[in-house]
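Chains as they are written, first to last, in UniProt numbering: chain D, 1 to 158; chain A, 1 to 158.
Note that beta-carbon positions come from the ideal geometry of N, C-alpha and C, so glycine has one too.
One structure is given here, and the rest of the page talks about it.
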DNA sequence: TTTGAAACTCATGGGCC
DNA sequence: GGCCCATGAGTTTCAAA
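Right, dumping it as structure tokens:
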């Protein structure tokens with residue numbers, strides 16, 4: 001599963017705009033539309049491209065508040081860690097969750113429409129995951145940037 | 001610019017999968033394909049839907065490392081704050097940036113393919129933004145969840 | 001005014017060179 | 001990988017509620 005120069009270029013392009021036609025992409029990377037379609041299909045089949053999703057403007061889609069949460073857990077029981085991961089992944093308000101080095105064990109990005117929703121979520125977190133020791137909340141006063149783009153170097157060393 | 005029950009349902013659906021045909025969406029929400037397309041076009045025109053983008057699997061797209069960075073700045077000069085925001089938004093490796101309450105002023109999610117890239121980025125940050133006082137880095141050992149989905153309540157009180 | 005249906009246009013996806 | 005043809009989705013228009 002290697003990515004050549006064209007694949008990398010393609011991935012950078014569709015990460016920005018997945019609605020572009022194969023024809024448009026073709027002229028940008030210098031291949032035929034057929035080749036583009038074949039590569040995109042392969043990239044999807046192989047799971048390099050996981051999915052295509054619409055990105056909303058938070059201000060126009062209910063004005064949610066974003067919370068950055070640092071979570072500390074008791075590290076003695078590894079099996080509970082896996083449980084917490086699953087729990088986090090299942091919560092729709094949890095946009096992102098990273099297991100990190102440092103003081104905190106997890107960093108979460110939460111999107112909720114009001115403080116009540118957020119509080120209820122955190123209450124359920126500590127209740128349903130007893131090894132959560134403590135957590136600290138940072139409220140996002142504004143969102144400077146928001147995306148999932150993974151920059152892929154396009155150097156021609158395939 | 002109000003969102004009725006159908007709009008909200010539609011937004012929740014396209015956030016998960018933007019490749020669904022209008023026909024599929026139509027039977028899910030109980031409208032005709034034409035109505036779906038009209039609504040989607042309106043939602044895009046009004047900027048509720050900002051864009052459609054392909055989401056990559058980090059493990060299959062160069063295995064980037066994710067960093068969670070807390071940044072503290074000198075708060076005396078508000079104009080430098082705006083400058084930093086613009087700087088952050090312009091950096092391709094900065095996936096997300098929030099201006100937050102609490103000890104830190106900004107929380108960043110960085111995606112970089114190696115530590116050198118990350119170090120260089122942070123070096124440039126402090127160099128080109130002199131009011132950055134200090135920052136602390138948390139390396140993501142694993143990504144538990146990754147998305148931009150904003151859950152939209154679908155209650156029928158339009 | 002907004003919805004549903006039909007005609008039209010064009011991108012997509014297959015097979016072949 | 002590029003070319004061509006068939007299929008299917010997106011777009012526009014029009015009629016109806």
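Give the DSSP-derived three-state secondary structure of residue i in the structure shown.
i, result
"residue 59 of chain D", "helix"
"residue 162 of chain A", "Nothing about residue 162 of chain A can be read from this structure; chain A reaches only from 1 to 158."
"residue 117 of chain D", "helix"
"residue 91 of chain D", "coil"
"residue 78 of chain A", "helix"
"residue 155 of chain D", "coil"
"residue 1 of chain A", "coil"
Based on DSSP bridge pairs, tell me the residues matched to residue i.
i, result
"residue 135 of chain A", "A/71"
"residue 97 of chain D", "D/108, A/145"
"residue 65 of chain A", "A/112"
"residue 51 of chain A", "D/55"
"residue 140 of chain D", "A/100"
So residue i is in the beta strand (DSSP E); what residue range does that whole segment cover?
i, result
"residue 10 of chain A", "Element bounds for residue 10 of chain A: not the beta strand (DSSP E) but the alpha helix (DSSP H), 5 to 16."
"residue 108 of chain D", "106 to 112"
For residue i, does the count of other Cβ atoms within 10 angstroms reach 16, so buried, or fall short, so exposed?
i, result
"residue 90 of chain A", "exposed"
"residue 127 of chain A", "exposed"
"residue 142 of chain A", "exposed"
"residue 39 of chain A", "buried"
"residue 7 of chain D", "buried"
"residue 147 of chain D", "buried"
"residue 70 of chain D", "buried"
"residue 123 of chain A", "exposed"
"residue 97 of chain A", "buried"
If you follow the alpha helix (DSSP H) that residue i is part of, which residue opens it and which one closes it?
i, result
"residue 44 of chain A", "33 to 45"
"residue 28 of chain D", "22 to 29"
- Query: Can at least three beta-carbon pairs, one atom from the segment 47 to 58 of chain A and one from the segment 14 to 32 of chain D, be found at a separation below 8 Å?
  - Reply: By the Cβ test, the segment 47 to 58 of chain A is in contact with the segment 14 to 32 of chain D, since at least three Cβ pairs between them sit closer than 8 Å.
- Are the segment 55 to 64 of chain A and the segment 139 to 152 of chain D touching, with three or more C-beta to C-beta distances below 8 Å? Judged by Cβ distances under 8 Å, the segment 55 to 64 of chain A makes contact with the segment 139 to 152 of chain D, as three or more pairs qualify.
- Item | Cβ contact (3+ pairs, closer than 8 Å) linking the segment 110 to 123 of chain D and the segment 68 to 78 of chain A | No: fewer than three Cβ pairs fall under 8 Å.
- Item | Segment contact, 8 Å Cβ cut-off, at least three pairs: the segment 123 to 139 of chain A with the segment 101 to 108 of chain D | Yes, they touch.
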